[in-house]
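Per full-length UniProt numbering, the very first residue in the sequence shown carries number 1; after that it's consecutive. For glycine and all other residues, C-beta sits at the position ideal for the given N, C-alpha and C. What you are looking at is a predicted structure, and each value in this text was computed from that prediction instead of being measured.
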Amino acid sequence: MEAPTLDSMMEHHRFPDDHISLLLLFLYSPIGLFLLLLRIFIGAHIFLVSCVLPDSVRRFLMRIMTSVLGVFTSVSEPHVRDKSVKIYISNHRTYFDHNVVSLITSCASPSVSCPPGFLCWARGFLELGTPGSRAQLQESLKHYLSQTGSPPLLLFPEEETTNGKKGLLNFSSWAFSLSDSVQPLTLHVQRPLISPMVTGCPWVMELFWMLFIPFTIYQVRWLPPVFRYPKESDEEFSSRVQKLMALSMGIIGTRHTAVDRAEHLKRRRRESPPPAASVSSSTADSRMVQRVKEVLPQVPLSVIHKDLGEGYKGI
Ligand SMILES: *[C@@H]1O[C@H](CO)[C@@H](O)[C@H](O)[C@H]1NC(C)=O
């Protein structure tokens, strides 16, 4: 099978494109706004309660309480779990993946991008000091694992989210240098009417959408533990686990990295500037742009706007 493009692994549209769903969403929106406000209020309380409860009771209660916030989790194949494995490997779908997995099992997840501080802690990340290089992160995680009684680590070797429909990003190998055995799990996220995650959208916005829509379902599926072959390198181990997970999700393990994804996103943004830019240009300008577009249909509108703008200044 051919490798999917980066674009097909991202989600660019929040809203459905058929008219019936759009109408439904429109009719639902007053209820959604009311739910959003109510859930912000309830959520603040849940957050405070979760800070004081002991870990064992917390998970059970939190699962009930988060369903009030519209987050439902289902777990399949829990019997394949190996309690001695200290590394969980998951595909990355949304900003809240680690919160959801910690509802079903005790685990800790470091953030590769969130700077330490209140927000990092409040979002439920494991704080390991300032995130520096991957090598530093690896060292702190090794230290974390060497402490007895520390809960398993949940890692997202893709490092960035995908829409989970076409392919997995290339796994970075540092996650696989920590141990000779890992327990993979796959995440599948569903939500009515709007997409669970738009690539590049800030996490606070995603949180609001989550509280707005009636519910979001996270399906967690455990896969059997994977052990390192004798003499297998971190890279080989990592790519073998990626293939296994992709196979079980019915998608493809690609070589696109998180850095490629960021580059692609930047390129896309540059090619489609926000509509505000065209509103500000005068009608004479837009007629000019239209004429250029007729002559050179393959040139993106944004480029024409930019070139015309600069040309006028030049005169
Ligand atoms: C993809 O991941 C593998 C295993 O971690 C690594 O060896 C390889 O260099 C990566 N490929 C790219 C293009 O980064």
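- Looking from the CA of S50, the closest CA among M65, S150, S21 belongs to M65.
- In the pairwise beta carbon analysis, the segment 227-238 is classified as not touching the segment 102-112: fewer than three pairs are separated by under 8 Å.
- The C-alpha of K166 is placed about 24 Å away from the C-alpha of V182.
- Of all alpha-carbon atoms in M10, E2, L33, the one lying nearest the alpha-carbon of E263 is that of M10.
- Partner residues in a beta bridge of P224, as assigned by DSSP, do not exist.
- With distances taken between CA atoms, D82 lies nearest to W222 out of I194, W222, S195.
- By the Cβ criterion, the segment 199-217 is in contact with the segment 90-103, since at least three pairs of Cβ atoms, one from each stretch, lie closer than 8 Å.
- For F118, no beta strand (DSSP E) segment is defined; the enclosing uninterrupted segment is the alpha helix (DSSP H) at 118-122.
- A check of alpha carbon separations from L155 across S102, M205, Q147, W203 identifies S102 as the nearest.
- Between the alpha carbons of L247 and L48 lies a distance of about 40 Å.
- Distance from the C-beta of S173 to the nearest heavy atom of ligand 1 is below 6 Å.
- DSSP, reduced to helix, strand and coil, places V68 within a helical segment of the structure shown.
- Secondary structure of S50 (DSSP, three-state): helix.
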